[in-house]
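Student: Just dropping this structure here.
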Amino acid sequence: MKTKALYTGSFDPLTNGHMNIIERAAKLYDELTIGIIVNPSKKCLFSLEERRRMISDALRHLPNVSVDCFSGLLARYVNDNGFNVVVRGLRATMDFEYEIQMAQMNARLFDETVETVFLMTDPKYSFISSSMIKEVHSLGGSIEGLVPDEILRKMDESIGDK
Ligand code: COA
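See the structure below:
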């Protein structure tokens, strides 16, 4: 059976922490979809379409990885699209409580063939979040090495546009 995995998030922007999880998950599963969520509670720097394009560009070297967007209940998207695995990254113990709650709630909602699988974030990136990346960049700090080069270019352009 082909394994279809999903890695979700807002990815505003995608960071090298996300990239590390994606590259490792792409080796573990036959197909990996990056599901960009429309999260109405987050004020995003990049539009959904901009994020989809930026992420697709940054992941061009991974042939079994595709990018999609979705809104609403994660479990519905997972069940409707026949995913077997939902990949989550754990950066530190601070992520654990939130993630276990979400995984246990999702376990009730997922079809019974679906598992949530956790990968430990590389310690090189365990301190970053998309919000911190945006804050440091907007204040003129360097984020080189923390986001893919394509994303850094777009972020520089977004500052130039303002
Ligand atoms: N490296 C670097 N940063 C990482 C990371 C990693 N490996 N993993 C997570 N992060 C960062 C993200 O960039 C994000 O930063 P931000 O809050 O500054 O934007 C933060 O950690 C949280 O990430 P995540 O938990 O993936 O949040 P999200 O908003 O990106 O995605 C969903 C949240 C999509 C997983 C969740 O809201 C969801 O499933 N929503 C659907 C609705 C639903 O079904 N709800 C019921 C759930 S039981």
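Numbering (numbering that gives the first Met the number 0), first residue to last: 0 to 161.
Heads up, the beta-carbon is just placed ideally off N, CA and C, and yes, glycines get one too.
Might you give, ordered along the chain, the residues of its own chain that have their beta carbon closer than 8 angstroms to the beta carbon of Ser157, omitting 5 neighbours on each side?
Tutor: Answer for Ser157: Leu44, Phe45, listed in chain order.
Student: So, is Gly139 buried or exposed, given that buried needs 16 or more other C-beta atoms within 10 angstroms?
Tutor: Flag for Gly139 reads exposed.
Student: Tell me the start and end of each unbroken beta strand (DSSP E) in the region 87-128 that is at least 3 residues and wholly inside, in chain order.
Tutor: Listed in chain order, they are 114-119.
Student: Taking just the CA atoms, how far does Leu13 sit from Arg52?
Tutor: Going from the Cα of Arg52 to the Cα of Leu13 covers about 11 angstroms.
Student: So what does Ile162 bridge to, in DSSP terms?
Tutor: Any answer about residue 162 is impossible in this case: the structure gives the chain only from 0 up to 161.
Student: When you compare the CB positions of Val84 and Thr32, do they come within less than 8 angstroms of one another, or not?
Tutor: Not in contact: Val84 and Thr32 (Cβ atoms no closer than 8 angstroms).
Student: Run the CB neighbour count on Thr7, radius 10 Å, all protein chains shown included, and call it buried at 16 or more, exposed below.
Tutor: By the neighbour-count rule (16 or more Cβ atoms within 10 Å), Thr7 is buried.
Student: If you draw a straight line from the C-alpha of Leu118 to the C-alpha of Lys41, how long is it?
Tutor: Using only the alpha carbons, I get a separation of about 24 angstroms.
Student: Inspect the beta-carbon positions of Arg152 and Ser125 and report whether they are closer than 8 angstroms.
Tutor: Contact flag unset, no.
Student: Please return the same chain residues whose Cβ sits closer than 7 angstroms to the Cβ of Val77, not counting the five positions on each side in sequence.
Tutor: Around Val77: Leu5, Val85, Phe109, Val113.
Student: Return yes when the C-beta of Ala74 is under 7 angstroms from any heavy atom of ligand 1, and no when it is not.
Tutor: The answer is yes for Ala74.
Student: On the criterion of 16 or more Cβ atoms from any shown chain inside 10 Å, does Gly88 qualify as buried, or is it exposed?
Tutor: That one is buried.
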